[in-house]
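Remarks on the structure that follows.
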DNA sequence: CTTCATGTAACTTATGTTGTTTCAAGACTC
DNA sequence: GAGTCTTGAAACAACATAAGTTACATGAAG
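Chains as they are written, first to last, in this note's numbering: chain A, 11 to 165; chain B, 11 to 165.
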């Protein structure tokens with residue numbers, strides 16, 4: 011089962027936007043993510059609904075942050091991107107009336123819920139500003155590896 | 011993203027097998043899971059490799075437990091069924107050289123690894139016998155809801 | 001030697017995600 | 001107002017993966 015990378019991608023974009031002067035167009039962002047502009051709009055729409063970004067049409071338009079990185083957590087973006095399913099594996103429902111199946115699903119659900127609770131509580135404690143700080147630290151160590159050097163994101 | 015229900019299904023089957031006299035054919039199992047025999051063989055093959063079940067061809071053949079339920083944990087079956095991916099969401103790899111992406115993925119991986127560790131450690135502590143006991147308790151409470159009453163599994 | 005059952009390969013179907021095309025509509029420049 | 005840049009959104013195609021199906025070989029019991 012393949013991973014959904016939308017969360018990771020959006021975090022990536024948001025941090026770049028923070029360092030970017032002016033609005034970023036869907037096309038610029040798409041180039042950064044190796045994807046295409048329509049997909050970017052589709053995914054960013056979720057973030058816009060929650061106010062984490064705003065978009066403007068027309069000349070000079072594009073996407074801007076709706077609030078500082080310090081006021082967005084991983085959990086916020088996770089929810090905005092719309093991923094109710096954390097786990098790739100889950101309970102079956104082949105014979106809902108079967109008490110064996112019920113016992114199995116109870117055991118699994120308990121374990122999954124506990125792990126999900128831990129994951130989301132962790133997500134809630136990490137702000138995008140924390141990640142940006144980590145980026146700065148990496149940048150200081152490896153200044154040569156600047157991000158997207160040729161893409162106009164860090165002139 | 012859809013759930014993979016193979017783990018749940020296999021647990022279901024194994025517990026039924028424990029209560030079942032003689033070998034269970036792929037066809038019987040398939041009926042129980044609302045699927046078909048070839049899919050059953052495919053999935054059970056993983057369990058056979060690890061010795062949790064054995065199979066016999068020919069008349070009177072089918073599947074049998076390879077060891078008592080008390081000697082199989084959720085973790086064992088999880089691994090046998092071959093699901094390296096616990097999570098439905100994961101890191102992107104669009105610009106591996108980008109330090110922002112690296113910082114994002116580091117933050118995500120840390121959280122995911124911690125949650126996975128918790129989940130698997132929990133899995134390791136639950137045996138199938140534990141689940142079977144829970145089934146017995148449910149059975150005592152709701153004797154009418156017997157499992158797969160018409161399918162020949164609990165005559 | 002017939003029947004029953006697994007083992008396996010190849011193919012089809014179903015589902016969901018991603019990518020693409022297309023056009024409408026708003027906003028800025030001239 | 002004309003032209004251009006940009007998002008919004010719908011409709012469609014392409015792709016990947018899991019699940020289901022078909023077909024046939026192999027082995028074991030009667």
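All C-beta atoms, glycine included, are put in the ideal place defined by N, C-alpha and C.
- Using a CB distance below 8 Å, no part of the region 51 to 70 of chain A faces chain B.
- For the pair residue 53 of chain B and residue 99 of chain B, the CB atoms are not nearer than the 8 Å cut-off.
- Residues of chain B whose Cβ lies closer than 8 Å to the Cβ of residue 17 of chain A are, in chain order, 99, 118.
- For residue 23 of chain B, the CB contacts under 6 Å within the same chain, skipping 5 residues up- and downstream, are 39 in chain order.
- By the neighbour-count criterion, in which 16 or more other beta carbons inside 10 Å mark a residue as buried, residue 119 of chain A falls on the exposed side.
- For residue 27 of chain B, not one C-beta of chain A is nearer than 8 Å to its own C-beta.
- DSSP, reduced to helix, strand and coil, places residue 137 of chain B within a strand of the structure shown.
- By the Cβ criterion, the region 19 to 35 of chain A is in contact with the region 100 to 117 of chain B, since at least three pairs of Cβ atoms, one from each stretch, lie closer than 8 Å.
- In the structure shown, residue 14 of chain A falls within a strand segment according to DSSP collapsed to helix, strand and coil.
- Per DSSP, residue 56 of chain A is one residue of the alpha helix (DSSP H) stretching across 47 to 59.
- Across the structure, residue 131 of chain A and residue 49 of chain A are spaced so that their CA atoms are roughly 29 Å apart.
- When the beta-carbon positions are compared, residue 89 of chain A and residue 14 of chain A stay at least 8 Å from each other.
- The straight-line gap separating the alpha-carbon atoms of residue 75 of chain A and residue 102 of chain A is approximately 41 Å.
- Fewer than three pairs of CB atoms, one per stretch, sit closer than 8 Å, so the region 119 to 128 of chain A makes no contact with the region 141 to 155 of chain B.
- When only Cα atoms are considered, residue 141 of chain B and residue 32 of chain A end up about 58 Å apart.
- Think of a sphere of 8 Å around the beta carbon of residue 46 of chain B: no beta carbon from chain A falls inside it, the nearest being about 12 Å out.
- Look at residue 35 of chain B here: in three-state DSSP terms it is coil, with no helix or strand label.
- Nearest CB-CB separation between residue 125 of chain B and chain A: below the 8 Å threshold.
- Interface criterion met: the Cβ of residue 141 of chain B is under 8 Å from a Cβ in chain A.
- The beta carbon of residue 90 of chain A does not come within 8 Å of any beta carbon belonging to chain B, so the residue lies off that interface.
- Chain B places a beta carbon closer than 8 Å to that of residue 93 of chain A, counting this residue as a contact.
- Among the CB atoms of chain A, one or more fall inside 8 Å of the CB of residue 84 of chain B.
- Secondary-structure assignment with DSSP links residue 75 of chain B through a beta bridge to B:63.
- Taking a 10 Å sphere around the C-beta of residue 146 of chain A, we find fewer than 16 other C-beta atoms and assign the residue as exposed.
- The alpha-carbon of residue 138 of chain A is positioned some 40 Å away from that of residue 112 of chain A.
- Residue 44 of chain B has its alpha-carbon roughly 22 Å from the corresponding atom of residue 62 of chain B.
- Between residue 49 of chain B and chain A, the shortest Cβ-Cβ separation is not below 8 Å.
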